[in-house]
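K.L.:
This is the structure, below, for whatever I ask next.
Numbering (the working numbering), first residue to last: 274 to 396.
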């Protein structure tokens, strides 16, 4: 039930954001729209990715280990935002040197799926 609710919330948030409109160089609307993103996280793919890239530090249930923070309990948009910040090279704390190289390998779909997977985990 919780996973279905998370998917619905993610889908609604993504729908509410609307399609991105491209602007011309002069700041006017160029009239092109980005393609609509997927609205349901691929949990199976995200679980494999989590096990391969995240579990070693954040633990098997994303509740954190040692100095690595707890991920469960955060909304999907928070998780996705942080991963995008790491991917962009922003320094977010002492674990940035460990997170940034992993985040750089993630596509937008990977981030969306991971965020949905983590948000679906029980606290």
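Just so you know, even glycine gets a beta-carbon here, dropped at the ideal spot from N, CA and C.
For residue 382, tell me which candidate among 337, 354, 335 and 336 has the shortest Cα-Cα distance.
P.N.:
Counting from one through the chain shown, the residue named residue 382 turns up at place 109. The shortest C-alpha separation from residue 382 is found at 354.
K.L.:
Can you give me the Cβ contacts of residue 365 inside the same chain, cut-off strictly under 8 Å, excluding the 5 residues immediately before and after it?
P.N.:
Counting from one through the chain shown, the residue named residue 365 turns up at place 92. Excluding positions up to five away in sequence, the list reads 355, 358, 359 and 372.
K.L.:
Please classify residue 346: is it buried, with 16 or more other beta-carbons within 10 angstroms of its beta-carbon, or exposed?
P.N.:
Counting from 1 along the chain shown, the entry for residue 346 is found at position 73. Result: exposed.
K.L.:
In three-state terms, what does DSSP make of residue 338?
P.N.:
In the chain shown, counting from the first residue as 1, residue 338 sits at position 65. Three-state DSSP puts residue 338 in a strand.
K.L.:
With a cut-off of 8 Å on the beta carbons, I'd call residue 389 and residue 314 a contact; round off their distance for me.
P.N.:
Counting from one through the chain shown, the residue named residue 389 turns up at place 116. Counting from one through the chain shown, the residue named residue 314 turns up at place 41. With 8 Å as the limit, residue 389 and residue 314 qualify as a contact, their Cβ atoms being about 3 Å apart.
K.L.:
Suppose you measure from the CA of residue 338 to the CA of residue 349; what does that come to, to the nearest Å?
P.N.:
As a first step, residue 338 must be located in the chain shown, where it is residue number 65. As a first step, residue 349 must be located in the chain shown, where it is residue number 76. So the alpha carbons of these two residues sit roughly 20 Å apart.
K.L.:
Output the distance between the C-alpha atoms of residue 367 and residue 320, rounded to the nearest integer angstrom.
P.N.:
Counting from one through the chain shown, the residue named residue 367 turns up at place 94. Counting from one through the chain shown, the residue named residue 320 turns up at place 47. Each residue's Cα considered, the two are about 26 Å apart.
K.L.:
If you drop the 5 nearest sequence neighbours on each side, which residues of the same chain put their C-beta closer than 6 Å to that of residue 344?
P.N.:
Taking the first residue of the chain shown as 1, we reach residue 344 at position 71. These residues qualify, in order along the chain: 331, 335 and 391.
K.L.:
Indicate whether at least one CB of chain B lies closer than 8 Å to the CB of residue 370.
P.N.:
Looking at the structure shown, chain B is missing, and only one protein chain is on hand.
K.L.:
Determine whether the beta carbon atoms of residue 326 and residue 377 lie at a separation below 8 Å.
P.N.:
As a working mapping, residue 326 is identified with position 53 in the chain shown. As a working mapping, residue 377 is identified with position 104 in the chain shown. Contact: no.
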